[in-house]
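Residue numbers (our numbering): 95 to 212.
Where is the CB? At the ideal position from N, CA and C, for every residue including glycine.
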Amino acid sequence: HAGEILGSHTDGKYTEIAISPDFEISVTADGETRSVEALSSGTRDAAYLAIRLALVSVLYRNERPSLLLDEILSQIDDTRAKNILEMLGEYAKDGTQCLLFTCHTRESSMTEFPAVRM
């Protein structure tokens, strides 16, 4: 599920995430598997977010907990940041709280969801 989430953040470039028994994280793109450490810092942050959101879906199968996210977009490019904000807006559409803390202003202009307040 983390790969699906990462794929939606990266417009389908990265769609597979693996976590080894010793918690080493790798992603697959264009048939090549790479350590998450070999990715740009923005893509690495998107991968970590995808893993956290997939874990939430496993731990909370029948409910949606509030999300508290701090500076998750600071190293992510505008296109991917917009994709993530749209996904978070959908997550919160039913009234579930999704709190995003940031010191940047670009995020407020990237969302079309009226319920999202910056």
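In DSSP terms, what ILE119 is bridged to:
ILE113
Using the beta-carbon count (16 or more within 10 Å), is ASP188 buried or exposed?
So ASP188 ends up on the exposed side.
Identify whether ARG51 lies in helix, strand or coil by the three-state DSSP scheme.
Look at the range of the chain in this structure, 95 to 212, and you will see that residue 51 is not part of it.
Close beta carbons around SER135, own chain, < 6 Å, minus the five adjacent residues each side
GLN169
Should the region 170 to 189 be called in touch with the region 101 to 110, which here means at least 3 C-beta pairs below 8 Å?
Short answer: they touch.
When you compare only the Cα positions, how much space is there between ASP171 and GLU157?
Whole-angstrom Cα-Cα distance: 31 Å.
Do you know whose CA, among GLU131, LEU182 and SER151, lies nearest PHE117's CA?
Check the Cα spacing between PHE117 and each of GLU131, LEU182 and SER151: the tightest is with GLU131.
Do you know whose CA, among LEU161, TYR185, PHE195 and TYR108, lies nearest ASP124's CA?
TYR108
Span of the beta strand (DSSP E) holding GLU126?
126 to 129
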